[in-house]
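J.: One line per chain: the protein sequences are A and B, in this order.
Mapping of the first sequence onto our numbering: position 353 corresponds to residue 393, and the numbering continues sequentially without gaps.
Mapping of the second sequence onto our numbering: position 458 corresponds to residue 528, and the numbering continues sequentially without gaps.
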Amino acid sequence: MSLALSDSPSPVGENSPKWYSDSRKLAWQKFLETPWPSRKDEDWRFANLKKLSYENVCDSEQIDNFDYNQYVSNSVSLKGDNESMVFNNDRLQYQSNIDDELLDKGLIFKPLSLALVENADLLKSYFMKEGSKLGSEKLLNLHKARQRDGYFIYVPEGLSLKHPLEIFHWLSGENNVIFPYSLIVTGAGSSVKVAEYTASSDDEFGLACGVSDLIAEEGSELTYVRTQNLSEKAHSIHISNVSAHANSTIKNFSLNLGCEWLRQESVCRLLGDEAHSEMISVNVPENNQEFDMRTMQLHEHSNTSSDLLYKNALYDKSKTTFAGMIKVEDEAHFTDAYQTCRNLLMSDECEANSMPGLEIKADQVKCSHGSTSNPVAEEELFYLMSRGIEEPISRQLVTFGFVKDAVDRLNHPQLEEVVLGKLERRFKKIGVR
Amino acid sequence: MVEGGGLDKKLNFVYMKTETETKSRIEIDREEANFHYDVDYKHDAGRGLDEETIDYISNVKKEDEWIRKFRQRALKIFNKKEMPTHWASQDLNSIKFDEIRYYLSAGEAPKRSWEDVPDEMKETFERLGIPEKERKFLAGVEAQFDSEAAYSNVKDAVSEQGVIFVNSSEGLAEHADIFRKWFGKVIPTGDNKFSALNSAVFSGGSFIYVPPGVKVKHPLQAYFRINAEQFGQFERTLIIVDEGAELTYMEGCTAPKFETSTLHSAVVELVAMKNAKIQYITVQNWSANVFNLVTKRGLAHEGAEVRWIDCNIGSRLTMKYPGVVMKGEGARGEVVSIALANDGQHQDTGAKMIHAADNTSSNVVSKSISVGEGRSTYRGHVHIPKHLKGCKNNTECDALLINPKSRTDTYPAVTVRGNQHSTQHEASVSQVSEEQIFYMKQRGLSEAEAMSLSVNGFVNDLVREFPMEYSVELKRLIDLEMEGSVG
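1. I need the straight-line Cα distance from B/T419 to B/Q501, nearest angstrom please.
2. Under a Cβ-count criterion, where at least 16 other Cβ atoms within 10 Å of its own Cβ denotes burial, should A/R466 be classed as buried or exposed?
3. Quick one: Cα of A/T267 to Cα of A/L211, how far?
4. Mind pulling the chain A residues with CB within less than 8 Å of B/G398?
5. Among A/V416, A/G364 and A/R427, which one has its Cα closest to the Cα of A/L398?
6. With distances taken between CB atoms, is the gap from A/Q404 to B/P474 smaller than 9 Å?
7. How about A/M386 and B/N489: do their beta carbons lie closer than 9 Å?
8. Assuming the contact rule is C-beta atoms closer than 8 Å, A/S306 and A/A284 should be a hit. Round their C-beta distance to whole Å, please.
9. Could you compute how far the alpha carbon of B/A219 sits from the alpha carbon of B/F235?
10. Does A/R188 come out as helix, strand or coil in the three-state DSSP assignment?
11. Relative to the C-alpha of A/K462, which residue among A/F440, A/N451 and A/L348 is closest?
12. Kindly indicate the opening and closing residues of the beta strand (DSSP E) around A/M168.
13. Where does B/L369 sit, in a helix, a strand or coil, going by DSSP?
14. List the DSSP bridge partners of A/V368.
15. Alpha carbon to alpha carbon, how far is B/A346 from B/T430? Give it in angstroms, no decimals.
16. Answer yes if the segment 345-365 of chain A comes into contact with the segment 190-202 of chain A, meaning at least three C-beta pairs across the two stretches below 8 Å, and no otherwise.
17. Are there any heavy atoms of the ligand PLP lying less than 8 Å away from the beta-carbon of B/E133, as far as the coordinates show?
18. For A/R449 and B/H453, I'd like the C-alpha separation in whole angstroms.
19. Listed from N- to C-terminal order along the chain, which residues in the segment 472-492 of chain B have their beta-carbon within a distance smaller than 8 Å of any beta-carbon of chain A?
20. Taking DSSP as the reference, what is the three-state secondary structure of A/L262?
21. Examine chain A for any beta-carbon lying closer than 9 Å to the beta-carbon of B/K263, and answer yes or no.
22. What is the DSSP secondary structure of A/P220, reduced to helix, strand or coil?
23. Just to confirm before moving on: does the CB-CB distance between B/V529 and B/M552 stay below 9 Å?
24. Could you tell me which chain B residues have their CB closer than 8 Å to the CB of A/E369, listed as they occur along the chain?
25. Check the C-beta distance from B/S385 over to B/V364 and give it rounded, since I have them as a contact under 8 Å.
26. Using the DSSP secondary-structure output, state which residues sit across from B/K255 in a beta bridge.
27. Following the continuous beta strand (DSSP E) through B/M423, name the residue where it begins and the one where it ends.
28. Using a cut-off of 7 Å between C-beta atoms, extract the partners of A/M386 located in chain B.
29. Given a limit of 8 Å on CB to CB distance, which residues of the segment 379-406 of chain A reach chain B?
30. Please classify A/H409: is it buried, with 16 or more other beta-carbons within 10 angstroms of its beta-carbon, or exposed?
31. When we look at the beta-carbon of A/M125 and count the other beta-carbons within 10 Å, is it buried (16 or more) or exposed?
32. So which residues on chain B does A/E82 lean against when the C-beta distance must stay under 8 Å?
33. Measure from the C-beta of A/N414 to each C-beta in chain B and report whether the shortest distance is under 9 Å.
34. Consider the Cβ of A/S408: report whether some Cβ of chain B lies at a distance smaller than 9 Å.
35. Expressed to the nearest angstrom, what Euclidean distance is found between the alpha-carbon atoms of B/R477 and A/R309?
36. Quick one: using the 10 Å Cβ neighbour count with 16 as the cut-off for buried, is B/W136 buried or exposed?
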């Protein structure tokens with residue numbers, strides 16, 4: 041499993057702070073020292089380790105004359121006056137103007153490269169504090185050592201943003217790798233919604249190895265919607281770390297449509313009284329797509345709650361692996377934690393693996409998990425068909441209803457519309473069967 | 071070592087005595103090994119495990135060559151396999167394989183007087199209402215009590231129906247035509263490190279064959295038979311129930327079994343032929359210094375049913391995941407289990423359901439209770455491969471935590487391929503609600519009594535699956551374990 045990224049990472053810009061270049065060097069060292077995941081790692085059980093082989097990939101290059109306007113207008117997005125950023129191959133293509141009033145109040149919405157120069161100290165106090173808890177230490181360090189850009193959102197105390205912020209990431213060219221980094225911090229009592237779309241601009245093989253750090257300070261609200269629609273040959277590795285402090289609420293939503301192989305690791309830490317986290321994911325793989333998703337709800341403080349809902353609709357020879365863990369640490373009494381994974385089996389050749397787990401070290405807790413794998417229920421089909429709807433269409437309707445239920449949890453009409461729009465396109469492409 | 075070289079070496083030894091000191095020392099070592107051949111079989115195999123230990127056991131048992139080879143091969147696999155500590159408890163590393171006696175012949179069982187038996191154990195006997203005579207046996211004071219008669223009565227009764235009910239040595243020696251075909255087939259030697267260990271050093275256990283159409287009315291109890299010999303550390307059980315026949319088998323007992331040997335590793339293989347039914351009931355209450363690492367698996371042919379009913383109360387660490395391979399169409403598998411983990415205990419139990427034919431169904435119901443600093447773990451594995459249709463699995467695991475330091479884990483894995491199956495898994499963790507306790511307290515129960523009642527209610531639907539005398543004892547045992555856990 042050699043990685044042709046074997047050359048040392050390119051040096052960072054001259055204006056970047058020293059701590060940043062030091063942390064990259066250290067991460068590169070750790071990457072080299074850490075072994076690749078092996079079959080014996082419990083965190084990689086059921087995983088297809090053969091996919092983790094990147095012989096010819098290299099850091100992505102600048103693509104001249106990338107017509108981002110065309111790509112943005114063709115994609116399903118909010119289509120409003122939202123503050124937005126567009127990246128291609130980790131290079132900023134466009135950033136909308138930000139309302140002066142918001143800037144005056146202290147909102148930061150900047151590319152990482154710029155924030156490193158202008159807000160280095162603030163950035164440093166939140167930057168990549170979490171390690172990997174679900175088996176991808178090596179990949180996390182690879183990202184840390186080679187990241188090129190990304191964005192930093194800081195919502196100051198008490199500020200509530202009305203409209204969601206939008207970020208587009210495009211991956212272009214064969215064998216290219218991007219390392220997008222997202223850092224979102226909501227200060228005490230503030231709130232923000234962020235939509236981030238990752239997609240390929242062509243149908244080549246490429247790798248997106250991204251990390252998202254979400255930090256909600258006391259009493260704040262953070263909603264993060266991430267959609268992934270890379271090419272059918274591409275790979276995606278994404279690690280998200282959520283820290284929810286007292287009285288905060290974090291929603292971490294993901295939609296996965298593209299990729300031949302993907303690995304998604306989501307951890308949420310509940311760190312203060314009444315912290316609440318929701319993890320929601322909708323995945324619709326087809327053909328030979330393999331989605332490997334691992335989650336952890338980590339209750340480190342008493343009186344916290346978390347809820348997780350993962351819904352997978354599997355077509356053709358696709359394969360999903362869901363491994364979820366609810367961990368309740370010593371003293372984290374009065375925890376409420378729920379975890380549900382539902383697989384809708386749409387073909388005779390798909391494969392769904394579920395490993396819902398619980399590790400409870402404190403009493404006075406309410407925890408439960410459920411996991412089901414079923415085909416479309418005959419009764420539901422019968423009901424629709426008895427009303428004159430043909431079977432294949434009935435089947436699609438039921439499937440759409442199945443995933444919509446998870447999207448509804450976003451509880452935000454505009455964001456729901458975007459996700460449902462992407463799903464509609466997806467089902468159109470899959471066609472009635 | 072068995073080959074004819076032994077005598078030559080001895081002669082050689084006489085000659086070598088005249089040679090240098092160093093050389094003779096080497097030969098003396100060899101001589102010591104050779105000495106095993108002529109021993110009086112009342113001795114044990116000593117401590118530690120190597121090829122000679124295996125030969126010793128095989129010789130004592132006067133086994134056929136194929137069994138000796140089977141054992142020797144198993145030893146190699148055992149030595150090669152790593153400890154499964156990448157997923158299992160690190161506590162496994164504290165097993166000292168070199169200090170264990172792998173075979174004790176009857177005369178050499180450790181002797182102990184009634185005074186040596188810990189008071190708490192005597193108290194438990196009292197509370198459970200164990201007969202005086204049995205107490206001494208269970209505490210290891212007496213090697214046997216008079217169960218010989220009971221065993222031969224049972225044996226006579228069932229043998230009229232053509233049922234064979236013998237120990238492993240007798241089964242392999244006298245009924246090889248029946249048992250050899252399935253021996254080590256349901257659980258291959260290399261299945262895991264401890265099945266390999268058992269395959270190398272097994273002794274004791276039950277071999278049972280039920281002929282076609284025979285429905286054995288009364289449950290067969292290992293209790294009788296094993297008492298007639300010695301409790302085995304490395305029991306080997308193989309039960310074959312032929313077409314349309316039915317059998318219920320019970321092993322263990324609710325009374326604590328005082329043990330000085332710290333490793334118990336059994337292998338139990340069940341074969342249910344077409345439309346046969348097997349129900350295997352275990353109650354395990356080893357003393358809290360025992361590692362209980364057991365491999366249990368059943369093979370269910372067309373229309374057959376295999377049920378494991380399992381209760382784990384004792385031991386320091388139990389690792390036991392009864393499995394059913396549903397090989398024929400319409401086969402059914404079920405695991406019903408109760409685990410109770412108190413201070414210093416880890417009950418790591420679960421179930422393994424392998425669907426290998428159409429329209430097979432499996433059901434797992436597991437309930438665990440963690441008291442004090444006890445830890446209970448559920449591990450499940452459900453596998454439904456491609457090209458099958460109509461397979462169903464239902465898994466439910468519920469855990470109850472009693473004290474702030476109690477711990478519980480759940481690690482299930484479900485693989486489903488194809489869209490003609492249905493699986494569901496549910497697990498929950500909870501504690502006894504304060505309202506419940508309050509309700510009972512205001513009706514005059516003490517807090518401990520109320521807690522006990524709640525816990526009994528939690529497992530009640532599963533306790534009913536056990537035979538009556540067991541369920542009565544189980545209830546008392548839960549009362550006992552809950553004492554001192556509140557307040």
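Ideal Cβ placement from N, Cα and C applies to all residues, glycine included.
From a predicted model like this one, the values you see are computed outputs, not experimental measurements.
T.: According to the structure data:
1. 20 Å
2. buried
3. 14 Å
4. Within chain A, no residue comes near B/G398; the closest Cβ sits about 21 Å away, beyond 8 Å.
5. A/G364
6. yes
7. yes
8. 13 Å between Cβ atoms; not a contact.
9. Bear in mind that a pLDDT of 48 at B/A219, under 50, signals an unreliable position, so the number given afterwards is only what the model happens to contain. If you take the alpha carbons of B/A219 and B/F235, they lie about 15 Å apart.
10. coil
11. A/F440
12. Neither: A/M168 is in no beta strand (DSSP E) and is coded neither H nor E.
13. strand
14. A/H339 and A/I400
15. 15 Å
16. no
17. Questions concerning the ligand PLP fall outside what the structure shown contains, since it holds no ligand whatsoever.
18. 31 Å
19. I472, N473, P474, K475, S476, R477, T478, D479, T480, Y481, P482, A483, V484, T485, V486, R487, G488, N489, Q490, H491 and S492
20. strand
21. no
22. coil
23. no
24. Correct list: empty, because the minimum Cβ distance to chain B is about 11 Å.
25. With 8 Å as the limit, B/S385 and B/V364 do not qualify as a contact, their Cβ atoms being about 10 Å apart.
26. DSSP output for B/K255 lists no bridge partner at all.
27. H416 to H425
28. N489
29. N383, L385, M386, S387, D388, E389, C390, E391, A392, N393, S394, M395, P396, G397, L398, E399, I400, K401, A402, D403, Q404, V405 and K406
30. buried
31. buried
32. H156 and W157
33. yes
34. yes
35. 20 Å
36. exposed
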